[in-house]
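Residue numbers (the working numbering): 206 to 626. Written below as structure tokens is the structure these notes are about.
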Ligand code: UD1
């Protein structure tokens, strides 16, 4: 297992480029199961999650080549319609093969994703949407077994107690592309990654209207063809890099940062007093000389503040000049990073879905443990700003979603090393 050793206190300087979006790529990879023809995906991030999804596709019978951020896939002769536990347990996005397999084979057997460190993550909305399309669904021995003689368009309300669901919207939208008639998804997720998936499906010949709005309309077609597509840059990585620059009082040009995909984050960073300029396809972080102002944040579905940036924002607020309240409305238990930040001297108190952050002048380096993907990023940011040495262990979480983060930070002057534990 690898860990990262970070020596804090160096202001980052230079330019860095954001990789392709993980959360766009994974469902798009699942969508290639909908065709017999070749698909080519560009700007694919080279991540552990990408490899896991490709492993699953290979198991299902898809041949692929992954080189220089381009994946060519030939899903001509699918061999199986089952996604086994060992391939789904490591990554929830693999559950997204359910919709495409059902649409293509009329049957699918996909392992339930299971528990997750960031809290309970049910799949009821996925199943509700697919059963509305006419699928018979059973749960047996930890697997979802879905069958349908034919899928029929339906009017589906896809909201749950926590609002819309990104992957459920994707799963149902993918299945609906090959259903007969028109499907309406109300309370569809509006995340840029859902729009990206819809655009890829449209390139394959799907008929979709309303992507990016809560009202999606999909008219089924007989078949989909192959397509070439470039995935959008990763807005979560972009936000993380912008915050890394800001928190170290650095000056960094974050290239391929699409401001229009992260207005809620940029707005909060501005409220906190971070100095930056929005450019075309980039954000230029300028030196912030004062301490950050305390800033409250509530995570919400897009276009609200993303839950995937909550942990990183907490690191910023832990060195702010006052008290901030962070409210987690998507995953009320997503606070595993609190205890680790506190080990570095932060003063954060959690009460249910709220975290009250008392900003202090400086964090101090410590050995900490990454618990999940975004928490790992928060700890790396904390290490960059802390006095002394921080060791972040279990960074396999980080490798799931950030492409060579330590190399990107090192190129900006950070003192950071990956070592074997
Ligand atoms: C996706 C992202 C993840 C992000 C999350 C929320 C991918 C690969 N992952 O995950 O990084 O943190 O969106 O923006 O794109 N829910 C239900 N029933 C369901 C499905 C979800 O109640 O059937 C709840 C969840 O528990 C959560 C909320 O809905 O409270 C939103 O989750 P959802 O949008 O589904 O997250 P994912 O799509 O799994």
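C-beta atoms are modelled at their ideal positions from N, C-alpha and C, and glycine is treated no differently.
Annotated as proximal: residue 590 and residue 567, with beta-carbon spacing under 9 angstroms.
Of the other Cβ atoms in all chains shown, 16 or more fall within 10 Å of the Cβ of residue 606; this residue is therefore buried. Residue pairing for residue 563: DSSP places it in a beta bridge opposite 528 and 552. In this structure, DSSP gives residue 207 an extended state, which the three-state scheme calls strand.
Residue pairing from DSSP leaves residue 331 without any beta-bridge partner. As for any alpha helix (DSSP H) of minimum length 4 sitting wholly inside the region 414 to 466, the runs are 440 to 452, ordered along the chain.
Apart from the 5 residues on each side of it in sequence, residue 367 sits with its Cβ closer than 6 angstroms to the Cβ of 535 in its chain, given in chain order. Ranked by Cα distance from residue 290, the first of 433, 593, 431 and 264 is 264.
Per DSSP, the unbroken beta strand (DSSP E) holding residue 269 starts and ends at 268 to 272.
Taking a C-beta distance under 9 angstroms as the contact criterion, residue 221 and residue 261 do not qualify as a contact pair. Between residue 570 and residue 552, the C-beta gap is not smaller than 9 angstroms, which leaves the two residues out of contact. Burial is judged here by how many other beta carbons sit within 10 angstroms of a residue's own beta carbon; residue 314 has at least 16 and is buried. Residue 225 and residue 354 have their alpha carbons spaced roughly 37 angstroms apart. The shortest C-alpha to C-alpha distance from residue 548 to any of 609, 520 and 530 is the one to 520. Contact between the region 226 to 233 and the region 396 to 410 is present: 3 or more CB-CB pairs across the two stretches fall below 8 angstroms. Distances from the CA of residue 348 to each of 312, 610, 441 and 624 were compared; the closest alpha carbon is that of 312. Proximity of the beta carbon of residue 262 to the ligand UD1 is not indicated: no heavy atom of the ligand is located closer than 8 angstroms. The DSSP assignment places complete alpha helix (DSSP H) segments of no fewer than 4 residues inside the region 472 to 543 at 515 to 523, in order along the chain. Judged by pairs of C-beta atoms under 8 angstroms, the region 412 to 424 does not touch the region 432 to 449, as fewer than three such pairs exist.
CA-CA distance, residue 488 to residue 388, rounds to 38 angstroms. DSSP, reduced to helix, strand and coil, places residue 235 within a helical segment of the structure shown.
Judged by the Cβ position, residue 513 qualifies as a neighbour of the ligand UD1 at the 8 angstroms threshold, a heavy atom of the ligand being closer than this. Here the distance from the Cβ of residue 390 to the nearest heavy atom of the ligand UD1 is not below 8 angstroms.
In the DSSP assignment, residue 582 falls within the unbroken alpha helix (DSSP H) covering 578 to 590.
Inclusion of residue 237 and residue 215 in the CB contact set at 9 angstroms is not warranted, their separation being larger than that value. No heavy atom of the ligand UD1 is found nearer than 8 angstroms to the CB of residue 336. Judged by DSSP in its simplified three-state form, residue 301 adopts helix. Residue 574 carries a strand assignment under DSSP once its states are collapsed to helix, strand and coil. Residue 508 places its beta carbon 9 angstroms or farther from that of residue 479. Partner residues in the beta bridge of residue 569, as assigned by DSSP, are 592. DSSP, read as helix, strand or coil, puts residue 288 in strand.
In the DSSP annotation of this structure, residue 279 is not part of any alpha helix (DSSP H); the continuous beta strand (DSSP E) holding it starts and ends at 275 to 279.
Contact check for residue 335 and residue 304: beta-carbon distance about 7 angstroms, within the 8 angstroms limit, so the pair qualifies.
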